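The next block holds one structure in the form of structure tokens; read it before the comments.
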Amino acid sequence: MTTPDTRSVLITGGSAGIGLGLARRYRRAGHRVLVTGRDAGRLAAVAAGEPGVETFAGDLADPTERERLAEHVRRVLPALDVLVNNAGIQRRVGIAADDAPWSEVQNEIDVLLSAPLHLSRLLVPMMLDRGGPALVVNVSSGGAFVPQTFAPVYSAAKAAVHSYTVTLREALDGTRCQVVELIPPAVATGLAGPGAAHGADPDEFCDAVFPLLDGSRPEVGFGPTAEPGITARIDAERRAFLGSAARAGVPGFAPASRH
Numbered sequence: 168m169t170t171p172d173t174r175s176v177l178i179t180g181g182s183a184g185i186g187l188g189l190a191r192r193y194r195r196a197g198h199r200v201l202v203t204g205r206d207a208g209r210l211a212a213v214a215a216g217e218p219g220v221e222t223f224a225g226d227l228a229d230p231t232e233r234e235r236l237a238e239h240v241r242r243v244l245p246a247l248d249v250l251v252n253n254a255g256i257q258r259r260v261g262i263a264a265d266d267a268p269w270s271e272v273q274n275e276i277d278v279l280l281s282a283p284l285h286l287s288r289l290l291v292p293m294m295l296d297r298g299g300p301a302l303v304v305n306v307s308s309g310g311a312f313v314p315q316t317f318a319p320v321y322s323a324a325k326a327a328v329h330s331y332t333v334t335l336r337e338a339l340d341g342t343r344c345q346v347v348e349l350i351p352p353a354v355a356t357g358l359a360g361p362g363a364a365h366g367a368d369p370d371e372f373c374d375a376v377f378p379l380l381d382g383s384r385p386e387v388g389f390g391p392t393a394e395p396g397i398t399a400r401i402d403a404e405r406r407a408f409l410g411s412a413a414r415a416g417v418p419g420f421a422p423a424s425r426h
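Heads up, the sequence shown is in the numbering used here, so the first residue is 168 and it goes up one at a time.
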């Protein structure tokens, strides 16, 4: 049953890890939740174990699959309130040792970067057309700020997600759509494959950050990514971003009105 407070939520990469943890919390808070994933079997297990969570199987590295997802959302979840761009993979291999085919590198880039950019482009206009409050949560990483030598492509892609999130937030300033950057530290999920899990407990992480994903703050971190050094750096970047946009005469960025 829905109520006026029920929100419709799309979480990419929601069959495991942080995505599944957030899906459980949104659902238990009474919201309608659709999660995506590449593994149909894992999604079936989620649907069986989490009654009410809806699923969509597709590989978001593929732009046609992203478009298929957007069309599915328009059909079954037209009143989309919350978009959580969470899907991720991580190849743990240093630059010098990485002799994988470029297609593997491109796949990582597409999941981590192309997917959130493309889905934001496809779905945010629909969210704005509704006229009600909306929220985009882009999941970056501590690696966006302190690159990880064992995961250079991942770190670079997440740095780009951070940059895009800053510009998306400014583009939507004055609308009813808020943009939040969720910045996990290392969290013990299966992101990097079997045997590579380390870091914070996923439930502890999700318990801590979920109440903060209400649009009231632009960035949400946990543990080391919530420390003053990270937030101070982001604030400095924000001031520099606004200043450069104003100096360049970008419409909407007047030096006197932005601080």
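Heads up, the beta-carbon is just placed ideally off N, CA and C, and yes, glycines get one too.
Note that the structure is predicted; figures quoted are calculated from it, not measured.
Pair within 9 Å by beta-carbon distance, residue i and residue j
i	j	result
Val202	Thr222	yes
Ile350	Gly382	no
Val122	Gly186	Outside the displayed span of the chain (168 to 426) sits residue 122, for which this structure offers no information.
Asn305	Pro283	yes
Ala355	Ala338	no
Ile397	Gly310	no
His198	Val249	yes
Arg343	Ala301	yes
Asp226	Arg192	no
Val303	Val291	yes
Leu380	Leu189	yes
Leu289	Val176	no
Glu217	Arg241	no
Ala324	Glu275	yes
Selection from the options that minimises the alpha carbon distance to residue i
i	options	result
Thr316	Ser287, Ala263, Asn305, Ser330	Ala263
Val328	Val278, Val376, Ala367, Pro300	Val278
Leu210	Asp229, Glu238, Ile178	Ile178
Gln257	Arg195, Gly188, Ser307	Ser307
Arg400	Glu386, Ser411, Gly390	Glu386
Glu348	Ala393, Glu232, Gly341	Ala393
Gly180	Ala196, Arg195, Val213	Val213
Asp229	Arg414, Val376, His285, Arg297	His285
Ala254	Tyr321, Ser330, Gly299, Leu409	Tyr321
Leu295	Asp374, Pro245, Asp266	Pro245
His239	Ser270, Pro395, Met293	Met293
Ala196	Arg297, Gly299, Arg259, Asp374	Asp374
Leu358	Arg259, Asp265, Ala224	Arg259
Arg405	Asp266, Thr231, Thr334	Thr334
Bounding residues of the alpha helix (DSSP H) (the contiguous stretch that carries residue i)
i	result
Ser322	319-338
Leu289	282-297
Cβ-based burial, residue i [other Cβ within 10 Å; buried from 16]
i	result
His365	exposed
Pro369	buried
Gly261	exposed
Gln345	buried
Pro378	exposed
Pro352	buried
Thr332	buried
Arg336	buried
Gly219	exposed
Ala407	exposed
Gly341	exposed
Ala403	exposed
Gly208	exposed
Val313	exposed
Ser287	buried
Ser182	buried
Leu411	Here residue 411 turns out to be Ser, not Leu, going by the sequence shown. Classification of Ser411: exposed, given that the 10 Å Cβ count is below 16.
Ser281	buried
Range covered by the beta strand (DSSP E) that runs through residue i
i	result
Arg192	Counting along the chain, Arg192 falls outside any beta strand (DSSP E), though it belongs to the alpha helix (DSSP H) covering 184-195.
Arg199	199-204
Asn274	Looking at the DSSP string, Asn274 is not in any beta strand (DSSP E); the run it does join, the alpha helix (DSSP H), is 269-276.
Ile256	No beta strand (DSSP E) holds Ile256; DSSP gives it neither H nor E.
Val346	344-350
Ile178	175-178
Val249	249-252
Leu302	301-306
Fill in: Whole beta strand (DSSP E) elements within the region 212-236, 3-residue minimum
220-224
Worksheet item: Which full runs of the beta strand (DSSP E) of 3+ residues lie inside the region 373-407, going along the chain?
Response: 386-388
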